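Heads up, the thing below is written out as structure tokens.
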Amino acid sequence: MRAPLENELRSIQVDIIRMGTLIEKTIEDTINALVNRDLNLAQTIAANDDQFDQMELEIENKCIYLIARQQPVASDLRKIFSVVKIVTDLERIADHCQDISKLTIDLAKKEYVKPLVDIPKMAKQVKDMVRMTIDCYIDQDVEKSKAVCASDDIADDFFKVIVDDLELVMKQKPDEVKQCMDFMMIAKYLERMADHATNVAEWVIYSVEGTHFEGNNS
Amino acid sequence: MSQLYDNKTVYDVRDLNLWYGNDQALKNINMKINKNEVTAIIGPSGCGKSTFIKTLNRMIENIPSVRTEGEILYHGINIFDKIMRVEELRTRVGMVFQKPNPFPKSIYENVLYGPKIHGVKDKASLEEILETSLKSAALWDEVKDRLHDNAYGLSGGQQQRLCIARALAVQPDVILMDEPTSALDPIATAKIEELIDSLKADYSISIVTHSMQQAGRISDKTAFFLMGELVEFGNTEVIFSNPRDKRTEDYITGRFG
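Taken in order, these protein sequences are the chains called A and B. Using this note's numbering, you'd call the opening residue of the first sequence number 1 and step up by one each time. Using this note's numbering, you'd call the opening residue of the second sequence number 1001 and step up by one each time.
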């Protein structure tokens, strides 16, 4: 009588993949809106965040009902527990897209103090990490998950460079401090998104091996 | 009357009370059993769950001291009504018991006993019923080469599936099961549970079980009985994740008493 358990696990997996893919797309839109000062796109992203909250809730409910009804143990239990953790991290990533888009709505009203160079690069890195973690989840791939954890350093390095850069701009153009602070927040959000992607990869490792991997979570 | 009835409902139990002599075994039961759903009935020993299920096909009347009040509408018709023929009811509502109870006859005779009594004579029709019933009960592959062997030679789990095939042979609408796996080992139990899951596409199933885990795994709706009362009845995932009544919570979490 494990067929219902298997089916439901598969259905949850499809939900996670769908959510992950949509978040990937949202990260791309978020950064496009920022780079192109696209007010409409930023507003749409900010308004659409509810869908991710809804997806999180639905996946959580499926998990809790599955635990209540099927009493999963061992790898089944780890799989379901990991999903509950992963879905939280994914939702946080989506939240940060919304946070960035809200700042974009303000920023888009004025010319930027300087062309955006590192922020789009960092955003691409984060997007790639998210895509890789979803792949890790689909393939339950431990080695790739460890690679994702290691690549968090790249995002951290971007963050440091962006902060140093903004510090310099703020010194040179004290009138633009507000805008620089907004960009700093954006960089921080991206850095947190990379951390959440790392968490997802760590939960994939836990799901497969049953051990907590100490990833790079600084 | 039956036209007014929503056709999802198979049984509509209304204010059912039942006494054994002076002892009241069921108190004001109200509940609906839906088509193509598995309804699990759980509760501690003596809570009335077996009494309830045996009332649904009026088997309970075999006990002389039984007295009932209230209505049980089966497709809109009260089963206690004079127009309801009890033989007809029990053909439409099959039953499987705790211990497998095949007749001391061949597998063939066991399955075809019902259809023959109902007047099916044509050999081809009988063989078709035999094969479909055994296939639906997931037993065909195991017995197709020894259909004329005595049923007592089958394992307990196979005997139980034979009893399910025998119930299916008369084309019922509902199958009542009274702890159908409590005498079986875990593998035979898993087979019966899988079978129940596949049968609900064509039948409505009510199952009394002592195993809360089993109720959780296989049912769509769960009814919790306690001392003759229906304490809680609802979707299984809700009952097992967030029951409303403290008594249900205590029972399913094993804190009872």
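Built from N, CA and C at the ideal position, the CB exists for glycine as well. Everything numeric in this text was worked out from a predicted model, so none of it was measured.
- Every unbroken stretch of the alpha helix (DSSP H) spanning 4 or more residues and falling wholly within the region 72 to 142 of chain A is given here in chain order: 74 to 107, 118 to 139.
- Going by DSSP, B/Lys-1135 is part of the alpha helix (DSSP H) stretching over 1123 to 1136.
- DSSP places B/Asp-1197 within a helical segment (H, G or I) once states are collapsed to three.
- Scanning its chain for C-beta atoms nearer than 7 angstroms, with the 5 sequence neighbours on each side dropped, one finds around B/Ile-1029 the residues Val-1013, Leu-1016, Phe-1052, Leu-1230, in chain order.
- Non-local beta-carbon contacts of A/Val-35 in its own chain, meaning distances under 7 angstroms to residues more than five positions away in sequence, involve Leu-116, Pro-120 in chain order.
- A/Pro-72 has a beta carbon lying at 8 angstroms or more from every beta carbon in chain B.
- By the neighbour-count criterion, in which 16 or more other beta carbons inside 10 Å mark a residue as buried, B/Asp-1178 falls on the buried side.
- The beta carbon of A/Val-148 sits closer than 7 angstroms to the beta carbons of Met-129, Met-132, Thr-133, Cys-136, Ala-197, Thr-198, Ala-201 from its chain, once the five residues preceding and following it are set aside; these are given in chain order.
- In this structure, A/Ala-155 sits away from A/Ile-27, with a CB-CB distance that is not shorter than 8 angstroms.
- Collapsing the DSSP output to three states places B/Ser-1045 in coil.
- With fewer than 16 other Cβ atoms from the protein chains shown falling within 10 Å of its own Cβ, B/Ile-1083 counts as exposed.
- In this structure, the beta-carbon distance from A/Ile-23 to A/Ile-93 falls below 8 angstroms.
- For A/Asp-29, the enclosing alpha helix (DSSP H) begins and ends at 3 to 35.
- In this structure the region 1033 to 1041 of chain B touches the region 1200 to 1209 of chain B; the number of beta carbon pairs closer than 8 angstroms is three or more.
- Nearest in C-alpha terms to B/Met-1031, of all of B/Ile-1252, B/Ala-1223, B/Ile-1239, B/Leu-1139, is B/Ala-1223.
- For the region 53 to 72 of chain A, the set of positions with a beta-carbon nearer than 7 angstroms to some beta-carbon of chain B reads Ile-64, Tyr-65, Ala-68, Arg-69, Gln-70, Gln-71 in chain order.
- Taking the Cβ atoms as the reference, B/Gly-1094 lies roughly 3 angstroms from B/Ala-1167, within the contact range of under 8 angstroms.
- In this structure, B/Pro-1115 sits away from B/Cys-1163, with a CB-CB distance that is not shorter than 8 angstroms.
- Contacts with chain A at 8 angstroms (Cβ-Cβ) do not include B/Ser-1211.
- Contact between the region 3 to 11 of chain A and the region 66 to 78 of chain A is present, with at least three C-beta pairs closer than 8 angstroms.
- A distance of 8 angstroms or more separates the beta carbons of B/Val-1096 and B/Leu-1018.
- Following the DSSP letters along the chain, one finds A/Ile-59 inside the alpha helix (DSSP H) bounded by residues 50 to 70.
- Straight-line spacing of the CA atoms in B/Ser-1133 and B/Ala-1183 works out to 22 angstroms.
- Pairing B/Pro-1104 with B/Tyr-1152 gives a Cβ-Cβ distance under 8 angstroms.
- With a beta-carbon spacing of about 4 angstroms, B/Gly-1048 and B/Gly-1228 fall inside the 8 angstroms limit used to define contacts.
- Annotation: B/Met-1212 to A/Trp-203 spans about 31 angstroms, alpha carbon to alpha carbon.
- In this structure, A/Met-193 sits away from A/Val-84, with a CB-CB distance that is not shorter than 8 angstroms.
- A straight line joining the alpha-carbon of B/Glu-1127 with that of B/Ala-1137 spans about 15 angstroms.
- Counted as a single uninterrupted DSSP element, the alpha helix (DSSP H) harbouring A/Thr-198 occupies residues 177 to 209.
- Following the DSSP letters along the chain, one finds B/Tyr-1113 inside the alpha helix (DSSP H) bounded by residues 1107 to 1117.
- At a cut-off of 8 angstroms between beta carbons, B/Arg-1058 makes no contact with chain A.
- For B/Tyr-1074, the pairing in a beta bridge is given by DSSP as B/Tyr-1011, B/Ile-1077.
- Taking all protein chains in view, the Cβ of A/Gly-20 is crowded by 16 or more other Cβ atoms within 10 Å, so the residue is classified as buried.
- Between A/Val-113 and A/Val-163, the alpha-carbon positions lie close to 15 angstroms from each other.
- A residue is called buried when at least 16 other Cβ atoms come within 10 angstroms of its Cβ; B/Lys-1200 meets this threshold and is buried.
- One Cα belongs to B/Gln-1158, the other to A/Arg-69, and the distance between them is close to 26 angstroms.
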